Amino acid sequence: MFSQQKRKPTLDIYCFWDGWLSGWRNLPILTFVLILGFQTIGGNSFGNSADSIATRVGDYGGSTNEDNSIPGGDDQQEPWVYYTQSGDTLETIAARYQVRPQAIQVAYPVREDQLLDPGQMLIIPRPVRNPPVIDQILPDYEVVYSPSVEGFDTQDYVSQAGGFLSNHQEYMRSTGLTSGAEIVERVALENSVHPRLLLALLEYQCGCVLGSMVDGIEPGYLMGVDDPNRKGLYRQLGWVVNQLSLGYYGWRRGMLTDLAFQSEPAVHLPPDLNAGSVSIAYLFSRLYNRQGWDRAMDRQDGFKMLHDSMFSGTWLVDRFDEPLFPPGLTQPNLILPFQRDREWGYTSGPHKAWETEGALAALDFAPASEHFGCHRSDAWVVAVADGLVVRSEHGAVVLDLDGDGFEGTGWAVLYMHLESRQRVAEGTYLHQGDKIGHPSCEGGPADGTHVHIARKFNGEWIAADGPLPFVMSGWTAKAGFRPYEGSLVRGDQVVIANPLTPAEAFISLSSDDLMWNAKISRNMWWEE
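Residue numbers for the sequence shown follow our numbering, so the first one is 41 and each next one is one higher.
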């Protein structure tokens, strides 16, 4: 899984037609940008580095016009050359740089909402205001529950560290007396956040992983979240991963571009940061004032240095073969998560995948019933695709579609609120359409019997309505104005999400749906 990528020098010639160069009035009809750089064989063009991946055209020795400036206005500045990262679209890049998507120069036509392959060169007008210099803190694969988690033993690390956490225990209703390391691992797994990140954050906040604990820290508030409703390690970490998720997926969606501080000016985030670094910057902006945030972000004495000292080699190429999203990534063929010829209600459109906000990755379905609220159901939830069950506990089932036995690699599907009665066992290999369990209210907050379903790829939650839309049996998820609202669309058919499940919210899987799915499969195969 881990490989050292070789690199070779190449001369890339990019041709931009005048029609794509909106706002560059004095450019000739055809402009060539020559970049002499390093091209990664079989990967991205910037490798795995904490260095900035955006640079000015002049830094490469090329130019877009005679004076290397953007025409118009008094502030004549060189444009940026930006190399795309995992999860980028023109829409999100434009939001970060505060330009229109049409102003971004690309080498070939792409849709504004299209997922861009990592390592593609873009030319972007330089923003009027210069953001502060913020180093990339961690790569994305050290923030989400990615392939780099495999082989890391949280309990072993905590035990060998010998700090306060190694002897800390808390009572949890579902598992009884639970060790601190087990709580960290559970929060990481449920929320798809890297356990190394959680351990480093705990050490930064309370010194309790490597040592006895910083003076003034109360055992019930190890992360410093002073809220009685967040007492206990599980709830403290729950608040933390919620902030991380808001930062990570807010950046992914182009919704987060600035950090706000009480009674202090906002900080505009450098547009070339990666999502993982933004998530950490956002978290510290919620924990500290501007001065505390500056200390946490300090390259020499802040969180990054602590994390690197605890877990050496964070940015090494051979730790994980970036990018998280490989070129040409598509969703595998999925069917609706219930049996054929049974009516279910589409009760919730795109909303949060777990208890954390940020990633609107999940959809909800409820079986047709005369009963309301939480009730026992004999309806069956089924496998949307072939895969190995790698988790079956606390109302959740995770189906690993690549079958390697680790949910942090490749595609994985989370089912939530499955009753323990007749629920499939961990280690079972399922084929598409096989029974998984019965919908219920088990496993978390729920006001009615239903199943909650979401997708991950390499540990990152995938938005239900995004560059990789949630498609099941040919039905494509569309988000509404608010979380939980939305629709499923197939051709000219539309099903509107409604928790009260009126007739227009019902949907079923039939033989025609299976034929539709086969057609989708053929089309996707030919496109590839």
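Cβ coordinates follow ideal geometry from the N, Cα and C atoms, glycine included. Treat the numbers as computed from the prediction; the structure is a model and nothing was measured.
Spatial neighbours of residue i in its chain, beta-carbon cut-off 8 Å, leaving aside the 5 residues before and after
| i | result |
| --- | --- |
| residue 412 | 488 |
| residue 549 | 375, 376, 378, 379, 380, 381, 382, 513 |
| residue 369 | 155, 497, 508 |
| residue 466 | 429, 430, 431, 432, 433 |
| residue 269 | 275 |
| residue 306 | 298, 299, 300 |
| residue 483 | 434, 435, 436, 456, 457, 458 |
| residue 212 | 218, 223, 274 |
| residue 414 | 480, 481, 486, 487, 488, 489 |
Same chain, Cβ closer than 6 Å to residue i, neighbours up to 5 away in sequence not counted
| i | result |
| --- | --- |
| residue 251 | 203 |
| residue 126 | 158, 363, 364, 365 |
| residue 91 | With a pLDDT of only 37 at residue 91, under 50, the local geometry of the prediction cannot be trusted, and the value read off the model is given with reservation. Answer for residue 91: no residue qualifies. |
| residue 521 | none |
| residue 367 | 157 |
| residue 271 | 260 |
| residue 333 | 324, 325 |
| residue 446 | 190 |
| residue 320 | 177 |
| residue 539 | 387 |
| residue 265 | 276, 279 |
| residue 3 | In the structure as shown, the chain starts at 41 and stops at 568, and residue 3 therefore has no counterpart that could be examined. |
C-beta contact flag for residue i and residue j at 8 Å
| i | j | result |
| --- | --- | --- |
| residue 432 | residue 459 | no |
| residue 233 | residue 281 | yes |
| residue 263 | residue 245 | yes |
| residue 174 | residue 122 | no |
| residue 424 | residue 468 | no |
| residue 200 | residue 225 | no |
| residue 528 | residue 517 | yes |
| residue 287 | residue 328 | no |
| residue 304 | residue 237 | no |
| residue 427 | residue 408 | no |
| residue 314 | residue 176 | yes |
| residue 290 | residue 296 | yes |
| residue 249 | residue 500 | no |
| residue 537 | residue 387 | yes |
| residue 495 | residue 453 | yes |
| residue 278 | residue 136 | no |
| residue 285 | residue 216 | no |
| residue 179 | residue 342 | no |
| residue 230 | residue 273 | no |
| residue 419 | residue 490 | no |
Pick from the options that is closest to residue i, judged by C-alpha positions
| i | options | result |
| --- | --- | --- |
| residue 600 | 205, 507, 526, 363 | Limits of the chain in this structure are 41 at one end and 568 at the other, which puts residue 600 out of reach. |
| residue 448 | 122, 186, 257, 155 | 186 |
| residue 393 | 493, 256, 420, 319 | 493 |
| residue 421 | 298, 410, 437, 513 | 437 |
| residue 241 | 298, 294, 324 | 324 |
| residue 396 | 188, 268, 297, 275 | 275 |
| residue 330 | 302, 160, 339 | 302 |
| residue 373 | 318, 471, 256, 218 | 471 |
| residue 247 | 462, 345, 205, 338 | 205 |
| residue 193 | 490, 345, 228 | 228 |
| residue 351 | 128, 149, 188 | 188 |
| residue 336 | 243, 410, 482, 258 | 243 |
| residue 128 | 461, 462, 311, 532 | 311 |
Same chain, Cβ closer than 7 Å to residue i, neighbours up to 5 away in sequence not counted
| i | result |
| --- | --- |
| residue 371 | 508, 511 |
| residue 141 | 130, 131, 134, 152 |
| residue 346 | 240, 243, 244 |
| residue 235 | 189, 192, 194, 224, 225, 228 |
| residue 292 | 127, 132, 315 |
Supposed close pair residue i, residue j - CB separation, criterion 8 Å
| i | j | result |
| --- | --- | --- |
| residue 208 | residue 220 | 4 Å |
| residue 456 | residue 435 | 6 Å |
| residue 400 | residue 523 | 6 Å |
| residue 504 | residue 403 | 6 Å |
| residue 450 | residue 441 | 6 Å |
| residue 124 | residue 162 | 7 Å |
| residue 545 | residue 535 | 6 Å |
| residue 390 | residue 526 | 5 Å |
Worksheet item: Which runs of the alpha helix (DSSP H), 4 residues or longer, sit entirely within the stretch 169 to 213?
Response: 194 to 201
Worksheet item: Where in the stretch 328 to 404 do unbroken runs of the alpha helix (DSSP H), each at least 4 residues long, occur, reported from the N-terminal end onward?
Response: 330 to 337, 343 to 350
Practice prompt. Counting only runs of 3+ residues fully inside the stretch 128 to 169, write out the beta strand (DSSP E) ranges in chain order.
Written response: You should have 161 to 164.
Worksheet item: In the stretch 508 to 551, which residue ranges form an unbroken beta strand (DSSP E) of at least 3 residues, counting only runs that do not cross its ends?
Response: 515 to 519, 526 to 530, 533 to 536, 546 to 548
Worksheet entry | Whole beta strand (DSSP E) elements within the stretch 453 to 482, 3-residue minimum | 475 to 477
Item to complete: Can you check the stretch 482 to 508 for any beta strand (DSSP E) of at least 3 residues that lies completely inside it and give the ranges in chain order?
Response: 491 to 497
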